[in-house]
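Quick notes on the structure that follows.
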Amino acid sequence: MSVTGHHETTVATSSLRLLAPRLRDYFALMKPRVMSLVVFTAFAGLFLAPGGIAPASGALAILCIAIGAGASGALNMWYDADIDAVMSRTENRPVPAGRVSPAEALILGLALSAASVVTLGFGVNWLAAGLLAFTIFFYAVIYTILLKRRTPQNIVIGGAAGAFPPMIGWAAVTGGISMESALLFLIIFLWTPPHFWSLALFKCGDYDKAGVPMLPVVAGERTTKIQIVVYAVLAAFVGIVPTLIGMAGVTYGLFAALLGIIFIVYSVGVMRMPEKDARMLPAKKNFAFSIFYLFAIFSGLMADKLIDRLPAFF
Numbered sequence: 022m023s024v025t026g027h028h029e030t031t032v033a034t035s036s037l038r039l040l041a042p043r044l045r046d047y048f049a050l051m052k053p054r055v056m057s058l059v060v061f062t063a064f065a066g067l068f069l070a071p072g073g074i075a076p077a078s079g080a081l082a083i084l085c086i087a088i089g090a091g092a093s094g095a096l097n098m099w100y101d102a103d104i105d106a107v108m109s110r111t112e113n114r115p116v117p118a119g120r121v122s123p124a125e126a127l128i129l130g131l132a133l134s135a136a137s138v139v140t141l142g143f144g145v146n147w148l149a150a151g152l153l154a155f156t157i158f159f160y161a162v163i164y165t166i167l168l169k170r171r172t173p174q175n176i177v178i179g180g181a182a183g184a185f186p187p188m189i190g191w192a193a194v195t196g197g198i199s200m201e202s203a204l205l206f207l208i209i210f211l212w213t214p215p216h217f218w219s220l221a222l223f224k225c226g227d228y229d230k231a232g233v234p235m236l237p238v239v240a241g242e243r244t245t246k247i248q249i250v251v252y253a254v255l256a257a258f259v260g261i262v263p264t265l266i267g268m269a270g271v272t273y274g275l276f277a278a279l280l281g282i283i284f285i286v287y288s289v290g291v292m293r294m295p296e297k298d299a300r301m302l303p304a305k306k307n308f309a310f311s312i313f314y315l316f317a318i319f320s321g322l323m324a325d326k327l328i329d330r331l332p333a334f335f
């Protein structure tokens, strides 16, 4: 290799090394953990919808929903950079840590929003695109800008944004909205408060320091614990409704009932937790189990439909 060629290779390698952390930060702006949950529930909605969709169209729909979720995350990080900087859970995010400027986060969020909605509209259908646009708007404007810093019910109302993905997946297949897709929305909507308030209990100091009126900060631990149990009971009941309306079979219903009982037991454990418990293990366990619960419920629904389809292959 010539000296010139070696130099060009060295420069290219150095450029890639400099670019890689930048790309990681841009990806972090998109909240990949949240995005994975969005993609999973959106796929569940697409899979559970009646009829079928071409594999290429289905893949495009999921990709657009993922990008739309990432756009929401970037817009959230742009607006919340000031409070993220004072909370231990978020202080190392790209914007408050100074690795990405607020302008970059805003531009990325807006660009990805437009790209995901337009692509989904032209590539799949405009109802799904409209729902995606509304979801991005709801999370970025209604929740992040209007609710989060103003009301302790922020996560209850704002949780709707995280509940829309299965409806978008359903609409991508059917071009419509149905009672079944609304039920998928409701499962996530009722699951969100006990999930997030469990986190808020053991991160209460962070929210207090940042001036975010999360329920434990404003109403105290006892009220929060009671609300966690109430919503866990509602979520557990709605989890078995697919069986009651014929959307899923008895096996799924028993599985969902078992999961719901465990969710309630964990939530009651949170309610019995001593005030100002330094370790807050019950809250941490409930937070962890709630994530498993949602994945298991949607996996159970998909497994039920897959089993129901098996006779057609024999």
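This note's numbering puts the first residue of the sequence shown at 22, with every later residue one more than the last. Think of the CB as a built atom: it goes at the ideal place given N, C-alpha and C, for glycine as much as any other residue.
### Query
Between residue 75 and residue 285, what straight-line distance do the alpha-carbon atoms span, to the nearest angstrom?
Position 54 of the sequence shown holds residue 75. Position 264 of the sequence shown holds residue 285. The straight-line gap from Cα to Cα measures roughly 40 Å.
#### Entry: Rounded C-alpha distance that separates residue 223 from residue 179
The residue labelled residue 223 in the question sits at position 202 within the sequence shown. The residue labelled residue 179 in the question sits at position 158 within the sequence shown. Cα to Cα, the separation comes out at about 20 Å.
### Message
Let me see if you follow: with CB-CB separation under 7 Å, is residue 306 close to chain D or not?
### Response
Here chain D cannot be found, since the structure has a single protein chain.
### Message
Can you tell me where the alpha helix (DSSP H) holding residue 246 begins and where it ends?
### Response
Here the question's residue 246 lines up with position 225 in the sequence shown. Here the alpha helix (DSSP H) through residue 246 covers 242-265.
### Message
Restricting to Cα atoms, I'd like to know which of 96, 297, 115, 277 is closest to residue 166.
### Response
Within the sequence shown, the letter at position 145 stands for residue 166. Of the candidates 96, 297, 115, 277, the one whose C-alpha sits nearest the C-alpha of residue 166 is 96.
### Query
Thinking C-beta only, is residue 82 closer than 7 Å to residue 145?
Residue mapping note: residue 145 aligns to position 124 of the sequence shown, counting from 1. Residue mapping note: residue 82 aligns to position 61 of the sequence shown, counting from 1. Yes. Within cutoff.
### Message
Taking 6 Å as the limit between beta carbons, can you name the residues of its chain near residue 207, skipping five residues before and five after?
### Response
Numbered from 1 along the sequence shown, position 186 holds the residue referred to as residue 207. Within the same chain, residue 207 has close Cβ partners 259.
### Message
Going by DSSP in three states, residue 122 sits in which element: helix, strand or coil?
### Response
Translated into the one-based positions of the sequence shown, residue 122 becomes position 101. In the structure shown, residue 122 sits in coil (DSSP, three-state: anything other than H, G, I, E or B).
### Message
Restricting to Cα atoms, I'd like to know which of 277, 108, 185 is closest to residue 316.
### Response
Locating residue 316 in the sequence shown gives position 295, where the first residue counts as 1. Minimum Cα distance to residue 316 is reached at 277.
### Query
Would residue 201 be called buried (16 or more neighbouring beta carbons within 10 Å of its own) or exposed?
Walking along the sequence shown from the start, residue 201 turns up at place 180. Under this definition residue 201 is a buried residue.
#### Entry: Pair within 7 Å by beta-carbon distance, residue 245 and residue 218
Indexing the sequence shown from 1 puts residue 245 at position 224. Indexing the sequence shown from 1 puts residue 218 at position 197. Cβ atoms of residue 245 and residue 218: closer than 7 Å.
### Query
Of the choices 72, 161, 297, whose alpha-carbon is the least far from that of residue 242?
Sequence index remark: in the sequence shown, residue 242 carries index 221 (1-based). Looking at the Cα atoms, 297 is the closest of the given residues.
### Task
Would you mind giving the Cβ-Cβ distance between residue 99 and residue 126, rounded to the nearest angstrom? I have them listed as a contact below 8 Å.
Counting from one through the sequence shown, the residue named residue 99 turns up at place 78. Counting from one through the sequence shown, the residue named residue 126 turns up at place 105. That belief holds up - the Cβ atoms of residue 99 and residue 126 are roughly 4 Å apart, short of 8 Å.
### Query
DSSP three-state call for residue 329: helix, strand or coil?
Residue numbering aside, residue 329 sits at position 308 when the sequence shown is read from its first letter. Residue 329: helix per DSSP, three-state reduction.
### Message
In whole angstroms, give me the CA-to-CA distance for residue 1 and residue 228.
### Response
Outside the shown range of the chain (22 to 335) lies residue 1, about which nothing can therefore be said.
### Query
From this set, 130, 294, 57, which residue's C-alpha is nearest residue 94's C-alpha?
Locating residue 94 in the sequence shown gives position 73, where the first residue counts as 1. The residue with the shortest Cα to Cα distance from residue 94 is 130.
#### Entry: Start-end ranges of the beta strand (DSSP E) lying completely within the region 137-218, minimum 3 residues
none
### Query
Using the rule of at least 16 other Cβ atoms within 10 Å of the residue's Cβ for burial, across every protein chain shown, is residue 266 buried or exposed?
Start at 1 with the first residue of the sequence shown, and residue 266 comes out as number 245. Answer is exposed; the Cβ neighbour count stays below 16.
### Query
With DSSP run on the structure shown, which of helix, strand or coil describes residue 33?
Along the sequence shown, read from residue 1 onward, the residue named residue 33 stands at position 12. Because residue 33 sits at a pLDDT of 47, beneath the cut-off of 50, its placement in the model cannot be relied upon, and the following sentence gives the value as read from the coordinates. The answer is helix: DSSP assigns residue 33 an H, G or I state.
### Message
Going by DSSP in three states, residue 295 sits in which element: helix, strand or coil?
### Response
Stepping through the sequence shown from its first residue, residue 295 is reached at position 274. Coil, per DSSP.
### Query
Quick check: the region 65-72 against the region 103-114, are there 3 or more CB pairs under 8 Å?
no
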